[in-house]
Structures are given as structure tokens and as C-alpha cells.
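One line per chain: the protein sequences are A and B, in this order.
Numbering-wise (this note's numbering), the first sequence opens with residue 1 and increments by one.
Numbering-wise (this note's numbering), the second sequence opens with residue 1001 and increments by one.
Ideal Cβ positions, reconstructed from N, Cα and C, are used throughout, including at glycine.
All values reported here derive from a predicted model rather than from experimental measurement.
To start, the structure under review is shown below, and the notes come after it.
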Amino acid sequence: MVLPEWLAEPGLNHFLVVSAVLFSLGLLAVITRRNIIMVLMGIELILNSANLNFVAFSRYGLLSLEGHMIALFVIIIAAAEAAVALAIALNIYNRFGSVDVEQISELKE
Amino acid sequence: MDLSAVAFYVFSLLIIGSAAIMVFAKNIVHSAFALMFTLAGLAAFYALLYAGFVAVTQLLVYVGGILVLILFGVMLTTRGYFEKVRTRTVALLPSTIFVAIIGALLIAVFVTTEWSKMPLEDGQVTMTGLGELLLTDFMLPFQVTGVLLLLAIIGAVLMASRARYPQQRSHPDNPGHPEGDPKGPQEPGQDPQQSADGDKGSG
């Protein structure tokens, strides 16, 4: 099986294309789904696509170990963000009886 | 076609396929498990990119931590014991077109740009290098991240433990809502169809 050269040798562009597709799917989840936890999962997907870009540039581009460090910090911030956002989602559920983002339209009683 | 190319295509299929399942699945628990496969595939990608420590961190923090947290969130925010965990999807067609345009734009930019390249060699990335970098150049972000994590944990515990279940919300110490109405007084112009699926009163 003879493959063209750009297909047989995955390089920087291949990883960037995968990351762009992941970003688009995460954005689609954030826009279309109405469950607040689903929106949170879309945000995690977007953060992961950014992380993949950092690591791919550190492998092929000019970022060397700094890319890995930034990816680690992004993972840490994502963990903190998920904890706080799920606590907020729990509070919203207790307040409104639902986690549908369109029904959360009051600020204060 | 060497082994790393095969691994790349297998794992990219896994990542994109399970991410698509995550976005389009009707059941949110299926979405959470599809997200697990996406995150594990991304860890394999990091290993392919010579980022072994990031791969292990991804597995530990994302698959072991954040995903379990999300599943707990799914469990705690559904009413009753046997309710079907389903979510609504709105405006699928226009947002799909919008997102496809954004994705095509990103891919076009990524493919057409001439990136300046300086590839890493295998074995150039070591735990020693990462550790030295963490305690020299990244010292301040490292310390600040520790404080941030402490703040996030305290904040999350405070917010989550202040919460009560909706069955107890019409307790005498919370006089703002009438009995049994979880949303307070209904807006007069509100569409009754809108609150039909998720909001059947607090029982």
C-alpha cells in the first residue's frame, strides 16, 4: 500500500487538525446542549484541544519544555474549574430544581 | 507507514469518534463515558508527542478526577431514583453550520501557515528537566497554582455544603417560596411548554 507522503508521516499539521475538530465539537456541545453539566463537558473538550496544541507545538515547534509546563498548568486550572463549576451546578439545582440553562433566568428572589 | 503513524490514526479516530458521541448522545451518562475515551485517547496522543509526564497527569487528573466529579454531578442533579437522565438539544442546525465554519477556518489556518519548526528528539524530555523548570522558571506560577487550588477546594466545599435538596426548600427558615413550587411565582408570560420536561414540582 503506497500512501502519499503527507498522509504516511503524521506531523504537526495532523495534530493541529485533530485539535481543531475537538475544539469545534466542544463548541457545539456548549452551544446546543441545555444541561449545565453537558456545557461543562464541552468546556473540558475545548481546554483539552488547547492542551493538545501546546504539546504538539512543544514536540514540533519552538516551544520545547515550556509547552509541557503550560499544558500541566492548564490541567490544574481545569481541575479547579471543574470543582467550582460543579458546586455551582449543585447550588443551581437546589435553587431551581433543574439544571437546564434556559430555565435559570432569575438573579435574586 | 510505521507504527507511530498507525497509532496516530487509530487514536485520532478514537478521539474524534468518541467526542462526536459525547456531543450527540441523548443520555448524559453515555456522554460522560464517551468523554472518558476521548480523554484517554488524548493521553495516548501526549505519549506519542514525547510528553510522558503530561500523559500520566492527564490520566490521573482528567480520567481519574474530573470525570468522576462530572459523574457525581450527573447523579446529584437528577431528581428521584429512576428518572431518565436526558437532556435537550436546541438549535442544532444553525449551530452546526456555525461550528463547521469555525472548524474549517481553524483547519485552513493551521494547514496553510508555515510554522517554524524545531523538533524535539526522543529522550530530550526528562522528568529532571521538567522538575528543574518547575523550580526555576515556573516557580511563581507553581506557588500561585497551589494557592489557587486551595482556594478552589475551600470554595467548592463551602458552596456545595451550603446546598440543600429541593424537597427541603420550603422549610420555615426559607420563607421566600410558597410550598411545593421550586421556581417561585410563575412568570405570567412564560410558556408552559418550556417547563414541562424538567420541572414537575418538588414532589
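Could you please tell me which residues of the segment 1048-1079 of chain B, in chain order, have their CB closer than 8 Å to any CB of chain A? Leu1049, Tyr1050, Ala1051, Phe1053, Val1054, Thr1057, Gln1058, Val1061, Tyr1062, Gly1065, Ile1066, Leu1069, Ile1070, Phe1072, Gly1073, Val1074, Leu1076, Thr1077, Arg1079
Please return the same chain residues whose Cβ sits closer than 6 Å to the Cβ of phenylalanine 1111/B, not counting the five positions on each side in sequence. As written in the sequence, residue 1111/B is valine, which differs from the phenylalanine given in the question. Within the same chain, valine 1111/B has no close Cβ partners at all.
Could you tell me the distance, in whole angstroms, from the CA atom of alanine 87/A to the CA atom of lysine 1117/B? 43 Å
Stretch pair the segment 1001-1020 of chain B + the segment 31-43 of chain A: three plus CB contacts closer than 8 Å: no
Which whole runs of the alpha helix (DSSP H) in the segment 1066-1138 of chain B are 4 residues long or more, in chain order? 1067-1076, 1092-1112, 1127-1135
So which of Val30/A, Ser19/A, Trp6/A has the shortest CA-CA distance to alanine 1091/B? Val30/A
Going along chain A in order, which residues have a C-beta closer than 9 Å to the C-beta of phenylalanine 1033/B? Going along chain A, no residue has its Cβ under 9 Å from phenylalanine 1033/B, so there is no contact; the nearest lies around 11 Å.
Within its chain, find whatever has a CB closer than 7 Å to the CB of alanine 50/A; leave out the 5 residues flanking it on each side and keep chain order. Val74
Nearest by alpha-carbon distance to glycine 67/A: which of Phe1024/B, Leu1148/B, Gly1155/B, Tyr1050/B is it? Tyr1050/B
Taking 8 Å as the cut-off, does the segment 84-102 of chain A touch the segment 1135-1145 of chain B (at least 3 CB pairs, one atom from each stretch)? no
Please identify the residue among Leu25/A, Glu44/A, Val17/A, Glu9/A whose C-alpha is closest to the C-alpha of glutamine 1058/B. Glu44/A
Evaluate contact between the segment 57-71 of chain A and the segment 9-27 of chain A, counting only Cβ atoms and requiring at least three cross-stretch pairs below 8 Å. yes
When the distance is taken between beta carbons, is alanine 80/A closer than 8 Å to alanine 1152/B? yes
State the DSSP-derived secondary structure class of arginine 95/A, mapped to helix, strand or coil. helix
8 Å Cβ cut-off: residues of chain B touching isoleucine 75/A: Val1054, Thr1057, Gln1058, Val1061, Tyr1062
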